[in-house]
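Residue 1 is where the sequence shown starts when you use UniProt numbering, and the numbers rise one by one after that.
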Amino acid sequence: MANYSCDVSVCITSYNHEDYIRDCVMSVIAQREDVSLEVIIGDDCSNDKTKQILKKLKTTYPDIITVVRHEANLGYGALNLRSILPLTRGRYIAHLDGDDFWLPGKLRQQMQYMEKNDGCVAVCTNSLCLDKNGVALGVFNNQGKIKRISRTYLMQYGNFINHSTLLYKAELRESIIPPDGLFIDYTLLMNLASLGDIGYIDKILSVYRIGTASSVIDNLNEHVRSLYWESINKPSGEVVGDRNKRLASADFLSKVFYRSIKTRSMALMKKWWPIVSAEHREHKARLTLLAISNILITGIRLFLSLVASRIGGTRLRVIYWR
């Protein structure tokens with residue numbers, strides 16, 4: 001049986017987060033009222049005041065905080081995360097980006113959920129989304145009443161889970177993080193979901209910033225997109241089925257389409273349509289109909305969300321519809 005030294009190991013990845021890192025770390029420290037924890041921070045060779053801020057925090061909380069500073073920039077948050085995970089000693093592991101922060105009671109509610117739902121390997125929550133100036137933009141997802149998320153469900157609806165809300169069993173650490181190469185949040189989630197369900201608490205217990213350097217929403221590039229597609233097609237022990245793969249592919253194409261609209265270039269669709277359709281040669285017509293349906297439904301949702309926010313004045317939009 002593993003010898004754990006605390007309830008939760010919190011892994012924070014940071015790069016040039018001088019405006020946010022203190023609030024991030026202190027939001028974790030505040031969780032000590034509910035659970036025992038340690039904080040392991042990977043600073044990816046920041047060239048702003050992040051280093052100095054972390055040094056002061058480490059001095060204030062020497063028994064809780066460990067800071068790992070990389071002398072050369074690794075370039076990707078995933079590599080930073082992988083470098084600090086071996087240092088964890090908690091029964092559960094939680095991830096947090098250095099420009100995000102948690103709300104009171106997050107870890108307590110997640111641990112309670114895990115204790116009551118032994119079949120779940122992890123649990124996540126919803127998030128409030130802010131811009132870099134702290135203005136509320138929306139909620140991360142509209143997951144609603146679905147309380148357990150399977151790998152098939154993740155394939156069908158794509159990644160609607162905020163990485164900074166995740167809490168999972170530490171014993172699974174080496175099974176879900178690829179030992180080398182790059183990976184994205186969706187890779188980790190799909191690997192987790194292949195081992196068991198991911199629980200969902202339908203509450204806003206964290207805050208996610210859009211418009212910062214580490215925001216995946218704003219900085220989705222072709223390499224990340226390729227890793228996303230790889231995660232959909234990666235074999236696993238679970239029998240996924242052709243229909244579910246078509247649903248996942250249609251969702252992927254819908255995301256590519258709206259990214260093309262945002263960048264005002266259809267080059268992405270011209271690149272990805274042949275790649276995706278080649279995986280469904282015998283059912284290309286079905287894939288096409290599913291993709292068109294996804295695009296139309298997403299468009300209607302975006303329109304209704306915009307209208308509701310204009311009419312209501314304060315209603316927040318949903319960033320990731322499922």
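We put the beta carbon where it would ideally sit given N, CA and C, even for glycine.
- Linking Q52 to F303 through their CA atoms gives a straight-line distance of about 45 angstroms.
- From the listed residues D197, R209, G134, the smallest Cα separation to N117 is found for D197.
- Going by DSSP, A248 is part of the alpha helix (DSSP H) stretching over 242-263.
- Residue pairing of S127 in beta bridges, as defined by DSSP: S206.
- In the structure shown, C120 adopts extended strand secondary structure according to DSSP, grouped into three states.
- The residue from Y113, L128, F160, Y153 with its alpha-carbon nearest to that of A122 is Y113.
- In this structure, the CA atom of A30 is about 11 angstroms from the CA atom of S36.
- DSSP places Y153 in the uninterrupted alpha helix (DSSP H) bounded by 151-157.
- Using a 10 angstroms sphere on the CB of N3, the tally of other CB atoms stays under 16, which defines it as exposed.
- For C11, the beta-bridge partners assigned by DSSP are I40, H95.
- Inter-residue distance for R264 and H280 is about 27 angstroms (C-alpha atoms, whole angstroms).
- The beta carbon of D63 lies closer than 6 angstroms to none in the same chain, with the five residues before and after it left out.
- T152 and N244 do touch by the CB rule: their CB atoms are close to 5 angstroms apart, below 8 angstroms.
- With 16 or more neighbouring CB atoms inside 10 Å of its own CB, I21 falls in the buried class.
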